[in-house]
Amino acid sequence: MWLARIPAVRAPLRVLSLVSTRPTTLAGDISVPTPRLGGGSSYSISTTTDSPAISKDDVNFLAQVLSSDRPRPSRDDALLNYSLGLVQAVTAEAIEMKAQRAAVLPAELQGFKPTAVLRFLETLVAVDVSDEGKDHVALVLRSMSSPTFSEMLRSVDPISVVGPVMDPFFGKFVAPGMARYTQFGNAIDIYGIRGVYMLLFQSVVAAVQARLQAGHGLLISDYKQLIRCAGATSDPMAAKTAYQLMDDHKIPGIRDGDLYTEFIKARFLTEPLYTQFDKMRRRVVPINLYKEKGHLHLGTRRVAKLRRLRRHIMANQLHRYGQNRQTEHAEHLTRVLRKTKPIGRLWRWRERRGYPITEDFLCSAMIAFARAGSVGRVRQMLFKYYWISVQDKTKKSGVVEIKGSTKHFKPGNPLKPTVRLLEAVVESFGCNGEVVTALQLLMHISAQYNLTIPDEVWFDLLYWTQIRLAKPTNTEWNVLRWPNKAVPKHALAHIWRIMTAEPYNVKPGFEQYDIMIKWMISQGANMFEQAMAMMQDVMPQYEAALKEVEEAAYELALSDRPGMDKTAALRRWNHALARKEYMWYTIVVWCWNIPKKFRPRGVFDKFAVRIIPRLIGQFRSFYPRNISYRIATGTVTIYNPDPLHRVVRDKYLLLQPALVTGDVARKGWDALKPLKHHDVPLAGFHRRKMMIKADKANPKHEMKVTNQLRDLLVNGELGVGHVQRHFT
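My numbering numbers the first residue of the sequence shown as 11 and each following residue consecutively.
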């Protein structure tokens with residue numbers, strides 16, 4: 011108490027007397043008024059010129075004051091009262107805004123459920139909707155307030171809402187074969203993009219246009235959602251256009267740091283969703299480093315071999331997954347993102363603006379630089395911000411030495427390392443083929459900053475190791491003969507043992523078993539038995555998926571009644587069926603690869619006599635009518651008169667545009683690849699080429715033929731796409 015600071019009082023009291031702020035004055039005293047402290051009654055000290063004797067009542071009153079513990083209103087109580095009042099005001103305002111919004115919004119938008127919002131916005135871009143319906147939707151969008159419109163856009167966020175809820179294959183890569191042989195292939199276009207994200211982006215763009223035409227501006231959060239929707243379509247140019255839209259609206263000065271981060275993620279496709287969860291679209295292709303990196307001297311023979319490998323890979327593809335949809339010729343996104351100047355300009359621009367560098371922005375920039383092949387820039391950023399030095403001991407050995415002391419970060423520091431840094435390190439070095447360096451950095455950062463390595467980070471490292479050991483990727487990096495890109499043959503098994511042992515105890519899922527089984531099959535007959543044993547281990551997961559489909563179908567049937575909402579049941583059914591179809595196709599690939607990779611080593615080879623027949627007997631439901639494989643004396647064909655009929659053959663036409671980038675254009679390749687006419691059974695492709703006559707000496711005639719075919723595609727006269735699927 012403030013009275014405790016008064017020194018000890020000794021008799022006789024001649025100078026001091028304690029008086030109340032009430033108008034009571036002792037005889038001969040001069041009262042000095044004192045302001046009230048914190049409310050309530052208080053006491054003041056008055057001085058006297060002629061101090062009379064103190065009465066007994068005054069002494070008793072002074073003793074009572076000194077001995078009492080009078081409560082004083084604290085500052086915390088005042089802040090608490092202010093906060094409670096502010097909360098009540100905000101709550102009242104929120105209730106009022108909610109009431110106004112309920113009066114404006116239609117019934118289907120109440121609560122902003124993602125399915126209902128997307129269905130509502132889809133009206134703006136639907137073909138079979140009348141103009142009156144579109145005008146009604148546009149009128150509702152124009153009448154919304156800015157916070158309500160922003161909340162509606164956040165309710166259809168592609169990463170946190172639409173993906174987990176409306177995408178059955180969210181988190182999984184749908185391969186071209188899977189899209190062709192499963193009933194979910196119709197939801198994926200020829201570029202490998204899920205249709206739900208294309209529809210979402212088109213609907214959001216139409217909604218934004220309706221708002222702008224009405225004279226309403228957009229908030230920063232609206233631009234963020236627009237950029238994220240553009241990134242979900244795997245279109246860097248669309249993200250760039252959405253970002254430049256702010257310049258047209260004269261609001262470049264209010265951009266914040268999070269907006270730069272979102273733009274980097276969408277412009278350079280650093281998020282897994284932005285590449286449709288396909289890591290092959292995020293890897294660095296060695297031929298793209300040529301001429302982009304001025305210090306690289308690959309030599310004429312190496313460059314020619316890398317170009318030949320790229321041509322053969324793209325010429326034999328029966329799809330356009332991972333290609334740029336903005337160009338007429340065939341151009342892969344890895345070639346679009348090979349340049350380092352765009353990300354360098356963004357990095358310098360943010361430094362000049364003075365925005366603080368957060369861990370999320372730093373990790374996104376690291377991945378963007380790594381996608382362009384600038385591993386040295388990634389090492390510089392690790393050393394500058396986290397004191398982690400990554401140096402090669404010698405240029406020829408390929409051994410990497412990692413040093414660094416622990417950098418202490420204050421609480422709340424935006425650069426404090428978290429799991430996000432571990433993910434960025436694995437992604438940056440994994441896409442460049444430096445899997446060994448990624449593993450060393452992962453262990454070093456985890457131990458240095460006491461971070462627990464999540465299972466998803468181990469799975470990413472396992473996936474990048476599989477890509478590095480794949481045949482096309484391994485061949486390309488072996489042509490360069492760079493020591494730091496070398497990976498041991500059994501690196502995949504080594505990482506598997508580390509993550510499943512103490513102290514990590516990671517439990518792999520079906521996707522991780524798929525990686526290991528495919529690697530074992532690729533090693534030849536010596537590991538066939540181990541692969542088959544692992545296949546048997548994952549069969550309970552497939553049976554559980556079948557049971558989930560049955561339960562979801564039963565729930566969907568029960569919800570199909572008048573007046574009942576079956577949205578949740580239908581969503582569960584789609585996710586369960588997609589999971590089952592994904593596992594079915596994966597097991598089919600395993601069963602087909604083992605007889606395909608098998609090479610007999612004698613008449614009495616145990617694999618030909620016992621292992622392969624046992625495999626066919628155990629997985630009979632995953633094989634078609636005719637099953638053939640080689641033996642030492644010929645070919646064995648097993649015929650099943652009553653197989654599981656899943657796919658009916660159908661025909662389709664695939665148009666492949668010209669590969670006219672780089673050396674291919676200079677060598678005078680045809681501007682139009684031949685049309686490929688396919689009969690597609692379960693076993694594989696039976697191709698028959700249909701040549702289009704074009705005058706090679708006249709490039710304009712070639713382009714004319716290309717435009718004519720494109721018009722046929724637009725008008726629907728020429729079918730291009732996936733096989734029609736018929737299931738029994």
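All C-beta atoms in this analysis are idealised placements derived from N, C-alpha and C, irrespective of residue type, glycine included. Note that the structure is a prediction, hence the values are computed from the model and not measured.
{"Asked": "May I have the straight-line CA-CA distance separating Ile767 from Ile597, to the nearest angstrom?", "Found": "Limits of the chain in this structure are 11 at one end and 738 at the other, which puts residue 767 out of reach."}
{"Asked": "Quick check on the burial criterion: 16 or more other C-beta atoms within 10 angstroms. Buried or exposed for Thr243?", "Found": "buried"}
{"Asked": "Between which two residues does the alpha helix (DSSP H) holding Thr447 run?", "Found": "Val445 to Gln458"}
{"Asked": "Let's see if you can read the secondary structure: which residues bound the beta strand (DSSP E) around Asp402?", "Found": "Ser399 to Asp402"}
{"Asked": "Give the range of the alpha helix (DSSP H) segment to which Gly187 is assigned.", "Found": "Pro186 to Tyr191"}
{"Asked": "Once the 5 residues before and after Leu580 are set aside, which same chain residues still bring their CB inside 7 Å of it?", "Found": "Leu566"}
{"Asked": "Taking a contact to mean a Cβ-Cβ separation below 9 Å, would you say Leu236 touches Ala252 in this structure?", "Found": "yes"}
{"Asked": "Taking Pro424 and Thr368 to be in contact with their CB atoms under 8 Å, please state how far apart those CB atoms are, rounded to whole angstroms.", "Found": "4 Å"}
{"Asked": "Apart from the five residues on each side of it in sequence, which residues of its chain come closer than 8 Å, Cβ to Cβ, to Thr647?", "Found": "Asn636, Ile637 and Ser638"}
{"Asked": "Counting only runs of 4+ residues fully inside the stretch 567-623, write out the alpha helix (DSSP H) ranges in chain order.", "Found": "577-607"}
{"Asked": "Might you give, ordered along the chain, the residues of its own chain that have their beta carbon closer than 6 Å to the beta carbon of Gln212, omitting 5 neighbours on each side?", "Found": "Val135"}
{"Asked": "Whose CA, out of Thr485, Pro605, Tyr633 and Trp357, lies closest to the CA of Arg620?", "Found": "Pro605"}
{"Asked": "Could you spell out where the alpha helix (DSSP H) holding Gly205 opens and where it closes?", "Found": "Gly205 to Gln223"}
{"Asked": "Determine the DSSP secondary structure at Gly644, reduced to helix, strand or coil.", "Found": "strand"}
{"Asked": "Determine the direct distance from the alpha carbon of Met154 to that of Lys557, and round the result to whole angstroms.", "Found": "45 Å"}
{"Asked": "Compare the C-alpha of Thr271 against each of Asp370, Tyr331 and Thr344 and name the closest.", "Found": "Asp370"}
{"Asked": "Which value, in whole angstroms, describes the spacing of the CA atoms of Lys607 and Met530?", "Found": "11 Å"}
{"Asked": "What's the gap between the Cα of Trp594 and the Cα of Tyr649?", "Found": "21 Å"}
{"Asked": "Check whether the Cβ atoms of Phe287 and Arg381 sit closer than 9 Å, and answer yes or no.", "Found": "no"}
{"Asked": "Return the CA-CA distance between Pro709 and His339, expressed in angstroms with no decimal places.", "Found": "Bear in mind that the predicted position of Pro709 carries a pLDDT of just 40, short of 50, making it unreliable; the figure below should be weighed with that in mind. So the alpha carbons of these two residues sit roughly 14 Å apart."}
{"Asked": "Looking at the structure shown, is Glu727 part of a helix, part of a strand, or coil, going by DSSP?", "Found": "With a pLDDT of only 36 at Glu727, under the threshold of 50, the placement of this residue in the model should not be trusted; the figure read from the coordinates follows. Reduced to three states, the DSSP call for Glu727 is coil."}
{"Asked": "Which residue spans inside the stretch 341-405 form an unbroken alpha helix (DSSP H) run of at least 4?", "Found": "343-346, 351-363, 369-381 and 385-396"}
{"Asked": "Tell me the rounded alpha-carbon separation between Met509 and Glu466.", "Found": "11 Å"}
{"Asked": "Using alpha carbons as the reference points, say which of Phe379, Thr337 and Arg363 lies closest to Ile353.", "Found": "Phe379"}
{"Asked": "Given this structure, state the Cα-to-Cα distance separating Asp268 from Lys528, to the nearest angstrom.", "Found": "40 Å"}
{"Asked": "Measuring straight from C-alpha to C-alpha, what distance separates Gln319 and Val295?", "Found": "The sequence as given places Leu at residue 319; Gln does not occur at that position. Those two C-alpha atoms are separated by around 11 Å."}
{"Asked": "Would you please verify whether the beta carbon of Ile463 is less than 9 Å from any beta carbon of chain B?", "Found": "Considering every chain present, this structure includes no chain B. It has just one protein chain."}
{"Asked": "If you follow the beta strand (DSSP E) that Glu132 is part of, which residue opens it and which one closes it?", "Found": "From DSSP, Glu132 is part of no beta strand (DSSP E) but of the alpha helix (DSSP H) over Pro124 to Glu132."}
{"Asked": "Hey, would you say Tyr207 sits closer than 9 Å to Val172, going by beta carbons?", "Found": "yes"}
{"Asked": "Looking at the secondary structure, which residues open and close the alpha helix (DSSP H) in which Val436 lies?", "Found": "Val429 to Gly440"}
{"Asked": "I'd like to check one pair, Leu128 with Leu209: are the Cβ atoms closer than 9 Å?", "Found": "yes"}
{"Asked": "Between the Cα of Met542 and those of Pro493, Gly414, Val445 and Tyr523, spot the shortest distance and give me the residue it belongs to.", "Found": "Tyr523"}
{"Asked": "How big is the Cα-Cα spacing for Ala642 and Ala480?", "Found": "28 Å"}
{"Asked": "Apart from the five residues just before and just after Leu452, which ones in its own chain have a Cβ nearer than 8 Å to its Cβ?", "Found": "Leu432, Val435, Val436, Ile463, Val467 and Leu471"}
{"Asked": "Counting only the same chain and skipping the five closest in sequence on each side, list residues whose C-beta sits under 7 Å from that of Phe520.", "Found": "Val548, Gln551 and Met593"}
{"Asked": "Can you pull the DSSP bridge partners for Tyr639?", "Found": "Val646"}
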